[in-house]
Every structure is written in structure tokens, then in C-alpha cells.
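Those protein sequences? They're chains A and B, same order as listed. Under the working numbering, the first sequence has 171 at position 171, and the numbering climbs by one with no breaks. So the number in the working numbering is just where the residue sits in the second sequence, counting from 1, plus 1000. Note that beta-carbon positions come from the ideal geometry of N, C-alpha and C, so glycine has one too.
Protein chains: 2
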Amino acid sequence: MNRRIALLLVAVAALAGVVASKAPAFGQGDADAAPIYGVKLPCGYRDWRMISVANVGEPVNDLRVKLGNDLAIKSYREGQPFPDGAIIARLAYRAVTSEENNKVFRAAAERQGVPPEQITKLLAGSFIAGPATNVQFMVKDSKKYASTGGWGFAQFTNGKPDGEAVHQTCFSCHAPAKDLDFVFTRYSP
Amino acid sequence: MNRRIALLLVAVAALAGVVASKAPAFGQGDADAAPIYGVKLPCGYRDWRMISVANVGEPVNDLRVKLGNDLAIKSYREGQPFPDGAIIARLAYRAVTSEENNKVFRAAAERQGVPPEQITKLLAGSFIAGPATNVQFMVKDSKKYASTGGWGFAQFTNGKPDGEAVHQTCFSCHAPAKDLDFVFTRYSP
Chain A
1 MNRRIALLLV AVAALAGVVA SKAPAFGQGD ADAAPIYGVK LPCGYRDWRM
51 ISVANVGEPV NDLRVKLGND LAIKSYREGQ PFPDGAIIAR LAYRAVTSEE
101 NNKVFRAAAE RQGVPPEQIT KLLAGSFIAG PATNVQFMVK DSKKYASTGG
151 WGFAQFTNGK PDGEAVHQTC FSCHAPAKDL DFVFTRYSP
Chain B
1001 MNRRIALLLV AVAALAGVVA SKAPAFGQGD ADAAPIYGVK LPCGYRDWRM
1051 ISVANVGEPV NDLRVKLGND LAIKSYREGQ PFPDGAIIAR LAYRAVTSEE
1101 NNKVFRAAAE RQGVPPEQIT KLLAGSFIAG PATNVQFMVK DSKKYASTGG
1151 WGFAQFTNGK PDGEAVHQTC FSCHAPAKDL DFVFTRYSP
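What follows is the structure, given as C-alpha cells:
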């Protein structure tokens, strides 16, 4: 790339950063905040404790885990609704076949005398977590997010917030779970 | 049950406990320890951090998550092999359909104009974690478990160790993963 163009891009990026940092928290947010709700990527979420696991079928075809910060986990274990400050994270990974695992499953199933057609079905339905797809968050703040059940929503891909269109879909999907404080996921023992 | 038989059973169980408590660690173990390796249910494993997620197809039909104690997580992040004291837990849950989730997925997919046959496929392949099936552990102790790659293995169902037959199958399945310190699961970001 031409050096002057590169410098120009750096300058534009820096300017965008300045403008964004002056935007209201509940608006477009700054460069690191997700649109609409202004949620930033929470620090250390990868170290949070596990709430439960799930998967979504084709064409989404993922394996997903829900993690919670300390307030969320405490609330799950002691009783909802969630207090302000509770955050639930949904990490998702492309579901991929592991030839290495399937070789071992096949050998174990054969030793147990499982019929070949059942082994084929077992292996075809077995997946491990591949590359991460995106990470979603629900952040409880009953005042700031009063109009959306007390929750702010965010989705990040490769550490960057996704666009406004994605974020406009969050609350309408969660609204049917009103009786459970808008959270679908139950805690797994 | 006849009261005398019941008392006899209690006495036998108590006696078995006394005998077992004098058994060597690498033997039948006591009532709380899994056979062969003598691994007990580690305290607080449900609070450990997440390594990765996976699922196994029918007829097992589960959703599973791997958690690691601090030594295991540190080793995954900084480089294997695992040090003595590292423990990896595999929690598994029956994969069940959530009518509640599927209703929301269907509505969202319909809004996006996804064809009905694709929606049917999406919902048929979407599961959440149902009842726990069992919990497995790999405990690293390079001296105690020298003959099985430095790992002791254990499986618990409803908090109780499973039988010897199950534990005889652990190492033979993990042996092919020798180049990865006998661990199949990779760390997910």
C-alpha cells in the first residue's frame, strides 16, 4: 500500500475514534461498543463459570456454551431474577467432525459389538468445537435498559462488535422469555 | 425389606468401608473412590473454567463440556504436557429438544424468509442440555499413574463412582492420543 494512503487511513481511524468516544453510551457507542446498547466486550469473560451447553442445527451448525459472571452464576444457583451487573455470555463454535475422535469411537463401538449402521449414525452425529463464530452477551442494568426488560444485548465477531441490524433482533427474540427474566438458558448441574 | 436383612446390609456395607479404607490407593479404593485408579470426585469441579464443548451422536445423544482446574487451564493456554495435579473434567448431559427455544428460532427464521424445509431441519438438529448423564475425570500424577500415561481416570454417575468394567476401558481409548499427552480435547478460544 502507498505510504501516504496508509497514513491517511491511520488518521481517519484515529479521528473516528475521537468522534465515537464522544457519542452517548446508549447510542451508536464508540468503536469498541456494540450498537444500540453500547455494551463493550466484558473483560475476562473467557474465565467465567459455565451455565450450560447447547447446539443449533444446520445451517447454523454450531456448539455453544453459556458462561456467567459471578453475579449471574450466584443468581442462577440461588434464584432469579438477575441483579444489575449480572452478565451472561454465549460463546459459539462451528461444529466440526473430528476424524481423530471418530476413529476412537469406532474402535470402542466395534469392541462392544455395535452394528455398523449404528456406528455410522453415531459418528455422523458427533462433533467437536471448531473455529469460534461469535460471542453474545446479555448485561443486566434495570435502569439503563428499562425499555428492553432490563437487559442490554451485544454480539462480537473476532472481538469486534457486529452491526446495528443484528442488535435490533435481540430483544424481540428474548421477549417471549419474560417469565424467566428474558433468559432462555437454564442452569445445568 | 425385612428389618434384619436391612441391618445386615448396613453392617456389610460398613465392613466393606473399613476394608476398603485400608486398601492401597491404586486399587479398589474406598466407597467414594472410582475403581482401579482410586480417583475421588474432585471438590468444586463445577466451578472450573471451560476448555471446550462437544457432542456425541445417537444412541449416546449428549452435549458435553470439558472443564479444567487451574493447572489444566494454565497448561492448555501456555503449552502442554500437563503437570502433576492437572485435572480435566468431562460433564455430559442428555441432548433434548427445547420447544420453547424452537418456537423462537422458528419465528426468527420465518421473519428472515428461510424456506420451511430448512426450518424443519434447523429445529430437528437443535438441542439443549437435559439431565446430566455422568461426569468423567482425568487426573495427572506421573508417578502414581505411570503405567497409564501419567493419568488416572474416573467416571461418576449421580456423584457415585461407576464400576470397574467402565474404568478398564479408559486408557485403551486414550492411548492413541499419546502425542497430545493422551488428551483429545483442544482448547477453544
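Going by DSSP, glutamine 1136 (chain B) is part of the beta strand (DSSP E) stretching over 1127-1140. Beta-bridge analysis with DSSP links threonine 157 (chain A) to A:Lys160. Contact check between the segment 1034-1049 of chain B and the segment 1162-1181 of chain B: three or more CB pairs, one atom from each, fall below 8 Å, which counts as touching. Residues Asp1032 and Ala1033 of the same chain have their beta carbon placed closer than 6 Å to that of lysine 1040 (chain B), with the five preceding and five following residues left out of the count. Residue pairing by DSSP places tryptophan 1151 (chain B) opposite B:Lys1140 in a beta bridge.
Taking 7 Å as the cut-off, the beta carbon of glycine 1130 (chain B) is found closer than this to the beta carbon of tyrosine 1093 (chain B).
Contacts between serine 1126 (chain B) and chain A, judged by CB atoms closer than 9 Å, involve Ala54, Asn55, Val56, Gly57 and Val60 in chain order.
Taking 7 Å as the upper bound on Cβ-Cβ separation, chain A lies near residues Asp1047 and Arg1049 of the segment 1034-1049 of chain B. DSSP lists B:Arg1049 and B:Ile1088 as the beta-bridge partner residues of glycine 1068 (chain B).
Taken through DSSP and simplified to helix, strand or coil, arginine 77 (chain A) comes out as helix. Look at the segment 68-80 of chain A: it has no residue with a C-beta under 7 Å from a C-beta of chain B.
Counting every other CB atom within 10 Å of its CB across the protein chains shown gives aspartate 1084 (chain B) a total below 16, marking it as exposed. Linking phenylalanine 156 (chain A) to arginine 90 (chain A) through their CA atoms gives a straight-line distance of about 10 Å. Between tyrosine 76 (chain A) and the set A:Glu58, A:Pro59, A:Ile51 and A:Cys173, the nearest pair of CA atoms involves A:Ile51. Out of B:Lys1144, B:Lys1121, B:Gly1150 and B:Gly1149, the CA that lies nearest to the CA of valine 56 (chain A) is found in B:Lys1121. Distance from the Cα of asparagine 101 (chain A) is smallest, within the candidate group B:Phe1184, B:Pro1189 and B:Ser1142, for B:Phe1184. Under the 10 Å beta carbon count, proline 1161 (chain B) is surrounded by 16 or more other beta carbons and is classified as buried.
Under the three-pair Cβ rule at 8 Å, the segment 53-73 of chain A counts as touching the segment 1055-1075 of chain B.
A residue is called buried when at least 16 other Cβ atoms come within 10 angstroms of its Cβ; alanine 124 (chain A) does not meet this threshold and is exposed.
Counting other Cβ atoms within 10 Å of its Cβ, lysine 1103 (chain B) stays below 16 and is therefore classed as exposed. Contact of cysteine 170 (chain A) with chain B by beta-carbon distance below 9 Å is absent, the smallest such distance being about 11 Å. Cβ neighbours of serine 98 (chain A) within its own chain (closer than 6 Å, five residues either side excluded): Ile128.
Around the C-beta of alanine 146 (chain A), fewer than 16 other C-beta atoms lie within 10 Å, and the residue is accordingly described as exposed. Among the CB atoms of chain A, one or more fall inside 7 Å of the CB of lysine 1121 (chain B). The beta carbon of alanine 132 (chain A) falls within 7 Å of a beta carbon belonging to chain B, placing the residue at that interface. Residues are counted here when their Cβ sits less than 9 Å from a Cβ of chain B; for the segment 157-168 of chain A the count is zero. Contacts with chain B at 7 Å (Cβ-Cβ) include asparagine 101 (chain A).
Taking a Cβ-Cβ cut-off of 9 Å, alanine 1086 (chain B) has no neighbours in chain A, whose nearest Cβ is about 17 Å from it.
Counting only residues of its own chain and dropping the five nearest sequence neighbours on each side, proline 42 (chain A) has a CB closer than 8 Å to the CB of Asn69, Ile87, Ala89, Phe137 and Val139. Judged by DSSP in its simplified three-state form, arginine 1186 (chain B) adopts coil rather than helix or strand. When only Cα atoms are considered, glycine 79 (chain A) and alanine 177 (chain A) end up about 16 Å apart. For phenylalanine 184 (chain A), the closest Cβ of chain B is nearer than 7 Å.
For the pair alanine 1108 (chain B) and tyrosine 1187 (chain B), the Cα-to-Cα distance works out to about 32 Å. When the five nearest sequence neighbours on each side are left out, the beta carbons in the same chain lying within less than 7 Å of the beta carbon of proline 1081 (chain B) are those of Asp1181, in order along the chain. Contact annotation for glutamine 1118 (chain B) against chain A: Glu58 and Pro59 [CB-CB distance below 9 Å, chain order].
Listed by position along chain A, the residues whose Cβ is nearer than 9 Å to that of proline 1176 (chain B) are Glu100, Lys103, Val104 and Ala107.
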